[in-house]
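Colleague: Residue numbers (the working numbering), protein chains in the order written: chain A, 2 to 174; chain B, 2 to 174.
Backbone N, C-alpha and C define an ideal beta-carbon position, used for all residues, glycine too.
Only a predicted model underlies this, so the values are computations on that prediction, with no experimental measurement involved.
Can you keep this structure in mind? I'll have questions shortly.
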DNA sequence: CCTGAAACGGACTGATGAGTCCGCTTACGT
DNA sequence: ACGTAAGCGGACTCATCAGTCCGTTTCAGG
């Protein structure tokens, strides 16, 4: 069952690549038809591998979530908890704002794929920074995520760094 | 032409009231059919008065924008510029968060209706507060609006006051 | 080769929602 | 009261998009 025919595997890759491109460009509203066209296959082919549009989106989003987990693990290994936290936020923001459409897909997915793990890591980063007195104590990790995310998505193109600084200033103890 | 027949005027009011209710409950995605049903008229009747859905939404949004203008004028009349600014933001937030759906409509409208005027008033409030040293100088009125708005819309139900405080802290000089 | 299973792709369905049209109804001036 | 224009409402069109189905094509093992 894991053994796909050669053409099938090729098409599967094409679909995933196309989906990454199109979702990155148009966000979660991208249509399956457009992705299929971009991949050079019929949309029936897409649906055979991914029964629903969300399934396809999760597959694309998963890669990004994995990257973020890696960044989070690095932050936990760093020495200064406060610096680690702010650096982590900056790096994740940088990662996501390179493809704002994909970022909106992550939001749309409600963090379904490998989110629990990432959530746990972020929780550690935040509470460590709070214990070190670098971050105000009346916020939870979910609050940090929501606030940062909203600053990023509401900023006009090219302005998100400034907006992020404002929110991060507000988060300092 | 401005003289509507009595039944027409009655229906127009019903439509506007229904639209206010439904948009407040469901945001900009509310369908014309639902509004018409809620008003007890056919949807043809709605379209006769408001050629497009956006026209109807603007009409509803206009009322709220007028309220905000009034609050802004009060703020400009206050003595302490810094206090006036933060108080203004709080009051506008309070106003909008009582009907989050309508708030989303305002966002959707991109501030089309009477926004220029409101924009101008807010500009004065902000720069006055900046001159008084209460607000950081590297933000423009549009930034304030975007940041506050994003904090409000991204907060979980009941949490928006906390989120607003974080952003306002970030905006202080 | 040659055959059968796997894969393909596009026609089709079904749902939704904006906006149009027109035959019927109703207000209101005379 | 009555004629008519304003008003009504819902059936209809049109577009979009997710998801299904099935006749045809293509791969791969013997």
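Going by beta-carbon coordinates alone, are residue 77(A) and residue 113(A) separated by less than 8 Å?
Modeller: Counting from 1 along the first chain, the entry for residue 77(A) is found at position 76. Counting from 1 along the first chain, the entry for residue 113(A) is found at position 112. No, the Cβ-Cβ distance between residue 77(A) and residue 113(A) is not below 8 Å.
Colleague: Give the DSSP bridge partners of residue 11(B), in chain order.
Modeller: Counting from one through the second chain, the residue named residue 11(B) turns up at place 10. According to DSSP, which records beta bridges pairwise, residue 11(B) is partnered with nothing at all.
Colleague: Please classify residue 40(B) as buried or exposed, where buried requires at least 16 neighbouring CB atoms within 10 angstroms.
Modeller: Within the second chain, the letter at position 39 stands for residue 40(B). Residue 40(B) should be labelled buried.
Colleague: Do residue 129(B) and residue 82(B) come within 8 Å of each other at the CB atom, strictly closer than that value?
Modeller: Here residue 82(B) refers to the residue found at position 81 when the second chain is read from its first residue. Here residue 129(B) refers to the residue found at position 128 when the second chain is read from its first residue. Yes.
Colleague: Alpha carbon to alpha carbon, how far is residue 140(B) from residue 84(B)? Give it in angstroms, no decimals.
Modeller: If you number the second chain from 1, residue 84(B) lands on position 83. If you number the second chain from 1, residue 140(B) lands on position 139. Rounded to whole angstroms, residue 84(B) to residue 140(B) spans 18 Å at the Cα level.
Colleague: For residue 149(A) versus residue 167(A), is the C-beta spacing smaller than 8 Å?
Modeller: The residue labelled residue 149(A) in the question sits at position 148 within the first chain. The residue labelled residue 167(A) in the question sits at position 166 within the first chain. Taking 8 Å as the Cβ cut-off, residue 149(A) and residue 167(A) do not qualify as a contacting pair.
Colleague: Would you mind telling me which residues of chain A sit closer than 8 Å to residue 140(B), beta carbon to beta carbon, in chain order?
Modeller: For the purposes of this step, residue 140(B) is taken as residue 139 along the second chain, with counting starting at 1. Neighbours of residue 140(B) on chain A, chain order: 163, 167.
Colleague: Below 6 Å CB to CB, which residues in the same chain sit around residue 45(A) once its five sequence neighbours on both sides are set aside?
Modeller: Counting from one through the first chain, the residue named residue 45(A) turns up at place 44. Here the set comprises nothing.
Colleague: Rounded to whole angstroms, what's the CA-CA distance from residue 64(A) to residue 155(A)? Just pull it up for me.
Modeller: Locating residue 64(A) in the first chain gives position 63, counting from the first residue. Locating residue 155(A) in the first chain gives position 154, counting from the first residue. For residue 64(A) and residue 155(A), the distance between alpha carbons rounds to 24 Å.
Colleague: For residue 136(A), which beta-bridge partners are listed by DSSP?
Modeller: Counting from one through the first chain, the residue named residue 136(A) turns up at place 135. Paired residue(s): 173(A).
Colleague: Does DSSP put residue 45(B) in a helix, in a strand, or in coil?
Modeller: One-based indexing of the second chain puts residue 45(B) at position 44. Here residue 45(B) sits in helix by DSSP.
Colleague: Just the C-alpha distance for residue 69(B) and residue 146(A), rounded to the nearest angstrom, thanks.
Modeller: In the second chain, counting from the first residue as 1, residue 69(B) sits at position 68. In the first chain, counting from the first residue as 1, residue 146(A) sits at position 145. Taking the straight line joining both Cα atoms gives about 30 Å.
Colleague: Are the C-beta of residue 112(A) and some C-beta of chain B separated by less than 8 Å?
Modeller: Numbered from its first residue, the first chain carries residue 112(A) at position 111. Judged by the 8 Å Cβ criterion, residue 112(A) is not in contact with chain B.
Colleague: So which residues on chain B does residue 156(A) lean against when the C-beta distance must stay under 7 Å?
Modeller: Position 155 of the first chain, counted from the first residue, corresponds to residue 156(A). Within 7 Å Cβ-Cβ: 147.
Colleague: List the residues of chain B that residue 150(A) touches, going by C-beta distances under 8 Å, in chain order.
Modeller: Against the first chain, residue 150(A) aligns to sequence position 149. By Cβ distance, chain B contributes 155.
Colleague: Where does residue 110(B) sit, in a helix, a strand or coil, going by DSSP?
Modeller: Reading the second chain from its first residue, position 109 is the one you call residue 110(B). Looking at residue 110(B) - three-state DSSP - the assignment turns out to be coil, as it is neither helix nor strand.
Colleague: Given a threshold of 16 other Cβ atoms within 10 Å of its Cβ, counted over all protein chains shown, does residue 132(B) qualify as buried or as exposed?
Modeller: Within the second chain, the letter at position 131 stands for residue 132(B). With fewer than 16 Cβ atoms within 10 Å of its Cβ, residue 132(B) is classed as exposed.
Colleague: Could you list which residues in chain B have their beta carbon closer than 9 Å to that of residue 170(A), in chain order?
Modeller: Your numbering for residue 170(A) matches position 169 in the first chain. Under the 9 Å cutoff, chain B gives 137, 170, 171, 172, 173.
Colleague: With the cut-off set at 8 Å, would you say residue 28(B) and residue 102(B) are in Cβ contact?
Modeller: Looking up residue 28(B) in the second chain gives position 27. Looking up residue 102(B) in the second chain gives position 101. Closer than 8 Å, so yes.
Colleague: Do you know whose CA, among 37(A), 22(A), 23(A), 161(A), lies nearest residue 93(A)'s CA?
Modeller: Sequence index remark: in the first chain, residue 93(A) carries index 92 (1-based). That would be 161(A), whose Cα lies nearest to the Cα of residue 93(A).
Colleague: One question on the structure: do residue 106(A) and residue 48(A) come within less than 8 Å of each other, judged by their Cβ atoms?
Modeller: The residue given as residue 106(A) occupies position 105 in the first chain. The residue given as residue 48(A) occupies position 47 in the first chain. No, Cβ-Cβ distance for residue 106(A) and residue 48(A) is not below 8 Å.
Colleague: Between residue 36(A) and residue 62(A), how many whole angstroms is the CB-CB distance? I'm expecting something under 8 Å.
Modeller: Along the first chain, one-based indexing puts residue 36(A) at 35. Along the first chain, one-based indexing puts residue 62(A) at 61. Actually they are not in contact, since the Cβ atoms of residue 36(A) and residue 62(A) sit about 14 Å apart, beyond 8 Å.
Colleague: Measuring only between beta-carbons, confirm whether residue 144(B) sits less than 8 Å from chain A.
Modeller: Numbered from 1 along the second chain, position 143 holds the residue referred to as residue 144(B). It does: the Cβ of residue 144(B) has a partner Cβ on chain A nearer than 8 Å.
Colleague: Helix, strand or coil for residue 86(B) per DSSP?
Modeller: One-based indexing of the second chain puts residue 86(B) at position 85. Residue state, collapsed to three classes: helix.
Colleague: How about residue 159(A) and residue 171(B): do their beta carbons lie closer than 8 Å?
Modeller: Residue numbering aside, residue 159(A) sits at position 158 when the first chain is read from its first letter. Residue numbering aside, residue 171(B) sits at position 170 when the second chain is read from its first letter. In this structure, residue 171(B) does not lie closer than 8 Å to residue 159(A) by Cβ.
Colleague: Of the choices 57(B), 116(B), 123(B), whose alpha-carbon is the least far from that of residue 21(B)?
Modeller: Your numbering for residue 21(B) matches position 20 in the second chain. Comparing Cα positions, the closest option is 57(B).
Colleague: Could you give the residue range of the alpha helix (DSSP H) that holds residue 147(B)?
Modeller: Position 146 of the second chain, counting from 1, holds the residue named residue 147(B). That run of the alpha helix (DSSP H) goes 142 to 155.
Colleague: Residue 137(B) and residue 173(B): beta carbons closer than 8 Å?
Modeller: Taking the first residue of the second chain as position 1, residue 137(B) is located at position 136. Taking the first residue of the second chain as position 1, residue 173(B) is located at position 172. Contact flag set, yes.
Colleague: Just the Cα atoms here: how many angstroms apart are residue 9(B) and residue 38(B)?
Modeller: By one-based count along the second chain, residue 9(B) stands at place 8. By one-based count along the second chain, residue 38(B) stands at place 37. So the alpha carbons of these two residues sit roughly 16 Å apart.
Colleague: Could you tell me the alpha carbon to alpha carbon distance between residue 163(B) and residue 7(B), rounded to whole angstroms?
Modeller: By 1-based counting over the second chain, the position of residue 163(B) is 162. By 1-based counting over the second chain, the position of residue 7(B) is 6. So the two alpha carbons sit approximately 48 Å from each other.
Colleague: What is the DSSP secondary structure of residue 74(A), counted as helix, strand or coil?
Modeller: In the first chain, counting from the first residue as 1, residue 74(A) sits at position 73. The answer is helix: DSSP assigns residue 74(A) an H, G or I state.
Colleague: My output table needs one value for residue 55(A): the three-state DSSP class, helix, strand or coil.
Modeller: On the first chain, residue 55(A) is found 54 positions in, with the first residue counted as 1. Helix, per DSSP.
Colleague: Label residue 32(B) either buried or exposed according to how many other C-beta atoms from any shown protein chain fall within 10 Å of its C-beta, with 16 as the threshold for buried.
Modeller: As a first step, residue 32(B) must be located in the second chain, where it is residue number 31. By the 10 Å Cβ count, residue 32(B) comes out exposed.
Colleague: Shortest alpha-carbon distance to residue 86(A) belongs to which of 59(A), 153(A), 50(A), 127(A)?
Modeller: Residue numbering aside, residue 86(A) sits at position 85 when the first chain is read from its first letter. Closest option to residue 86(A), Cα to Cα, is 127(A).
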